[in-house]
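For the sequence shown, the numbering used here begins at 2 and goes up steadily by one.
Glycine included, C-beta positions come from ideal geometry on N, C-alpha and C.
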Amino acid sequence: MPSQVVPFDCTGSTIDVARRLVGAFLIREPNQTENEATRIVVRIVETEAYLPLVDPSCHAYRGPTKRNASVFGRPGTSYVYFIYGNHFCLNVATEPPGIGAAVLIRAAEPISGIETMRARRPHIEDARLASGPGNLCRALAIDRSLDGVDLANGRIHIISGEAPRRLFEGPRIGLAVAREWPLRFFDADSPSVSAHRRGRPASRCVARQR
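Here it is, written out as structure tokens:
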């Protein structure tokens with residue numbers, strides 16, 4: 002965790018936000034409905050950008066509905082949806098209000114609150130507790146009740162961190178259309194990045210820190 006807590010700035014293009022989110026910290030305040038007193042902190046290590054207007058895989062592509070209303074909100078609004086009948090996905094709304102675009106948080110490294118995450122995902126090694134969007138939401142108890150939250154100061158929020166030493170980009174995962182667009186960004190040195198795609202040949206380094 003950084004010594005100075007600075008809310009993450011979600012303004013800018015969707016691709017820019019997706020890149021900068023890698024290395025930021027996602028914080029889940031205690032879940033009162035589960036009588037849980039633990040604050041969970043994870044470091045974001047993998048994201049995917051879903052672009053406004055032109056991206057057929059973006060949930061905003063066909064316009065607003067009751068389900069996707071939050072993706073059209075102000076930058077920094079959480080958009081949580083249920084998929085495949087068994088897990089939730091956390092996204093960060095981007096672009097000006099009414100446009101509709103988002104960044105999916107795909108994976109994160111556990112920092113604190115690890116015992117609570119282990120209880121929610123037993124028999125999983127620590128590095129994999131929040132690896133994959135559904136696993137991340139399960140480990141942090143994120144569901145539709147957290148849809149539309151302000152990620153600057155809500156029950157889940159994001160603060161700035163350090164950029165990874167090596168930031169890679171590559172195709173998105175698990176899509177039927179536009180899956181080869183290079184809009185997935187990840188920390189190439191993190192053991193928490195989606196294992197089945199990490200290091201695939203189509204990925205390339207786009208930023209390197211000294």
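Practice item. Starting from Cys90, follow its DSSP beta bridges and name the residues at the other end. Key: Tyr82
Point to revise | Ser79 and Leu147 closer than 9 angstroms at C-beta | key: yes
**Study point:** Coarse secondary structure for Ser113, derived from DSSP in three states
**Key:** strand
Check your understanding: DSSP three-state call for Phe9: helix, strand or coil?
Key -> Coil at Phe9, not helix or strand.
Practice item. Give the DSSP bridge partners of Phe169, in chain order. Key: Phe187 and Cys206
Review point. When the Cβ atoms of the segment 23–30 are set against those of the segment 106–123, are three or more pairs found closer than 8 angstroms?
Key: Touching, per the Cβ criterion.
Practice item. Note the first and the last residue of the continuous alpha helix (DSSP H) segment covering Thr15. Key: Segment Thr15 to Leu22, the alpha helix (DSSP H) holding Thr15.
Practice item. Starting from the C-beta of Glu49, find all residues in its chain whose C-beta is less than 8 angstroms away, skip the five residues before and the five after it, and write them out in chain order. Key: Ala19, Val104, Leu105, Arg107, Arg173, Ile174, Leu184, Arg185 and Phe186
Practice item. Quick one: using the 10 Å Cβ neighbour count with 16 as the cut-off for buried, is Met118 buried or exposed? Key: buried
Exercise for review: Would you mind sorting Arg21 into buried or exposed? The rule is 16 or more other CB atoms within 10 Å of its CB.
Suggested key: Result: buried.
Review point. Quick check: the segment 7–17 against the segment 158–177, are there 3 or more CB pairs under 8 angstroms?
Key: The segment 7–17 is in contact with the segment 158–177.
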